[in-house]
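No gaps in the numbering here: position 143 of the sequence shown is 133 in the working numbering, and each next residue is one more.
Take a look at the structure set out below.
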Amino acid sequence: MSEPKHLPTPAAKRQSMRVDYHTHSHFSDGTLSPTKLVEMLKAAGVERFALTDHDTTAGLGEACVAANEHGLELVPGVEISASHGALGVHIVGLQIEENNAELCAFLSQQQAARHARNVQIDIKLAKARWPGLLERATAIAHPGLVTRTHFARALVGAGAALDLTQVFSRFLTTGKPGYVSAEWPTLSCAVQAIAVAGGVAVLAHPNRYGLSGGKLRSLLQAFKNAGGHAIEVASGARSSDSLGALSDAAKRYGFKASIGSDFHDPAQTWLKLGRLPELPPELEMAV
Ligand code: AMP
Ligand code: MN
Ligand code: MN
Ligand code: MN
């Protein structure tokens, strides 16, 4: 990654900056190049952002060049798939040293696990009369790694469903014909991989796992016990809805806070970049 041109803003001033610490590019399941993503963030008034592609840091070099060009601060990031019992959860790593050898080895394992899962998904979809989907998904994913989102786009393209929401619920979620459970690493392993690379481990979108109050509390406690540093208190399009409850949770468990759009695609018209709520002043921003 090339060096940032400007010194980063001191921590005390960051609290009032317009930030977005969760975004995707076409190096995972986003549709934009890092350069285009930076242009969109700039147009939306975002001043400091993290690129957090799924299980890869391949887009950070390009993101850094574009961020320098447009005067944005880049926080190097990644979104790691992990497991909490049978539940798949996402841990965002912020301010990581992307060339850290242990992190690189860990992400290589994640990518190998993804490839093995993709092959199984392809076999299951072929049995459900949708053959050749891995090949299509791979073409759609280029130049990035292949995720379920790419299978979803390939299935929509093949006429199996109308849109991504429908295709996930009909094919790609638990119990459905194209679902393959993945053996993701534990919360501790994911946090450790981020921490050894000097990063801050953030539990992504805590409200998106469909958990009841008690189960969410046990996830937060497990993440704390695993050495997790922060949680996303605002995420995605309806980020204000959960801000109060998740801010309270952050305080109760002693977490720092992060906010991010989880932007993937400009076609997500319900999500407006640069419109995330401000962090309550009593919370400390993760980075
Ligand atoms: P993977 O990491 O390969 O399991 O793919 C997970 C990704 O699929 C998530 O990061 C989302 O971007 C996307 N995804 C999951 N569920 C849905 C859904 N119901 N509708 C649209 N995208 C989804
Ligand atoms: Mn995604
Ligand atoms: Mn996620
Ligand atoms: Mn994400």
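Idealized CB from N, CA, C, for every residue including glycine.
Which first and last residues belong to the alpha helix (DSSP H) in which residue i is found?
i	result
VAL181	177 to 186
PHE141	138 to 147
HIS60	50 to 60
LEU209	203 to 215
VAL82	Premise fails: VAL82 lies in the beta strand (DSSP E), 77 to 84, not in any alpha helix (DSSP H).
ALA2	1 to 4
GLU29	24 to 33
Please classify residue i: is it buried, with 16 or more other beta-carbons within 10 angstroms of its beta-carbon, or exposed?
i	result
ALA220	buried
PRO271	exposed
TRP260	exposed
VAL223	buried
PRO66	buried
LEU152	exposed
LEU(-3)	exposed
ASP252	buried
ASN89	exposed
GLY7	It should be pointed out that residue 7 corresponds to Met in this sequence rather than to Gly. Under this definition MET7 is an exposed residue.
GLU268	exposed
GLU125	exposed
VAL190	buried
ASP43	buried
Among the options, which one has its Cα closest to the Cα of residue i?
i	options	result
GLY244	ALA212, HIS254, SER230 and ALA102	ALA212
ASN278	LEU236, LEU123 and LEU62	Absent from the model: residue 278. The displayed extent of the chain is -9 to 277, so no value can be given.
GLU29	MET7, GLU52 and THR47	GLU52
ALA76	TYR199, ILE249, GLY168 and GLY204	TYR199
ILE301	ALA172, SER159 and HIS132	The requested residue 301 does not occur in the structure, where the chain is confined to residues -9 to 277.
ARG38	GLU268, ARG4 and SER18	ARG4
HIS132	LEU22, VAL82, GLN100 and ARG265	LEU22
SER229	PRO0, THR(-1), HIS12 and ALA40	HIS12
ALA247	ASP19, GLY83, PHE17 and SER159	GLY83
ALA57	ARG107, SER159, ALA33 and VAL186	ALA33
ASN215	VAL181, ALA91, LEU27 and CYS54	VAL181
LEU266	GLU63, SER202, VAL36 and CYS54	VAL36
GLY61	ALA227, GLY168, HIS44 and THR(-1)	THR(-1)
GLN101	LEU201, ILE86, GLN85 and ARG138	ARG138
ALA187	ILE86, LEU27, GLY78 and SER71	ILE86
LEU162	ASN108, LEU201, ALA194 and THR128	ASN108
Taking CB distances under 8 Å as the criterion, tell me whether residue i reaches chain D.
i	result
LEU263	Absence of chain D from the displayed structure is noted, only one protein chain being present.
How long is the line joining the alpha carbons of residue i and residue j, rounded to whole angstroms?
i	j	result
VAL170	VAL136	14 Å
ILE113	THR25	35 Å
ALA280	GLY134	Because the chain in this structure spans residues -9 to 277, residue 280 falls outside the shown range and cannot be described.
LEU50	SER98	16 Å
PRO175	LEU273	29 Å
GLU69	ARG119	32 Å
LEU31	LEU263	7 Å
LEU209	GLY217	13 Å
ALA239	GLU59	38 Å
ALA142	LEU123	9 Å
GLY81	ARG104	The sequence shown places Ile at residue 81, not Gly. Whole-angstrom Cα-Cα distance: 16 Å.
THR46	ALA148	28 Å
VAL241	SER73	Checking the sequence, you will find Lys at residue 241 rather than Val. Approximately 24 Å between the Cα atoms of the pair.
LEU206	SER178	17 Å
GLY165	PRO(-6)	46 Å
VAL146	SER225	26 Å
HIS254	GLY204	30 Å
ALA276	GLY20	23 Å
LEU93	PHE17	17 Å
PRO121	ALA144	11 Å
GLU63	PRO167	43 Å
GLY234	ALA194	16 Å
Which residue marks the beginning of the beta strand (DSSP E) containing residue i, and which one marks its end?
i	result
SER15	Note, SER15: premise wrong, no beta strand (DSSP E); not H, not E.
LEU269	No beta strand (DSSP E) holds LEU269; DSSP gives it neither H nor E.
ILE113	Premise fails: ILE113 lies in the alpha helix (DSSP H), 91 to 117, not in any beta strand (DSSP E).
GLY250	246 to 250
ASP191	Note that residue 191 is Ala in the sequence shown, not Asp. Here the beta strand (DSSP E) through ALA191 covers 190 to 193.
LEU64	63 to 74
LEU41	38 to 41
ALA235	Not the beta strand (DSSP E): ALA235 falls in the alpha helix (DSSP H), residues 229 to 243.
GLU125	Per DSSP, GLU125 belongs to no beta strand (DSSP E); it is in the alpha helix (DSSP H), 123 to 131.
VAL157	Premise fails: VAL157 lies in the alpha helix (DSSP H), 154 to 157, not in any beta strand (DSSP E).
Exercise. Pick out every residue whose C-beta is nearer than 5 Å to a heavy atom of ligand 5: which are they, in chain order?
Worked result: With respect to ligand 5, the structure shown offers nothing to examine, as its ligands consist of ligand 1, ligand 2, ligand 3 and ligand 4.
Problem set entry | Around ligand 3, Cβ to any heavy atom closer than 5 Å, ordered along the chain | Summarising the contact set, residues whose Cβ lies nearer than 5 Å to any heavy atom of ligand 3 are, in chain order, HIS80 and ALA194.
Problem set entry | Contact set, ligand 1 heavy atom to C-beta under 6 Å | Listed by position along the chain, the residues with Cβ atoms less than 6 Å from a non-hydrogen atom of ligand 1 are ASP19, HIS44, SER71, THR137, ARG138, THR139, LEU154, THR155, PHE158 and HIS254.
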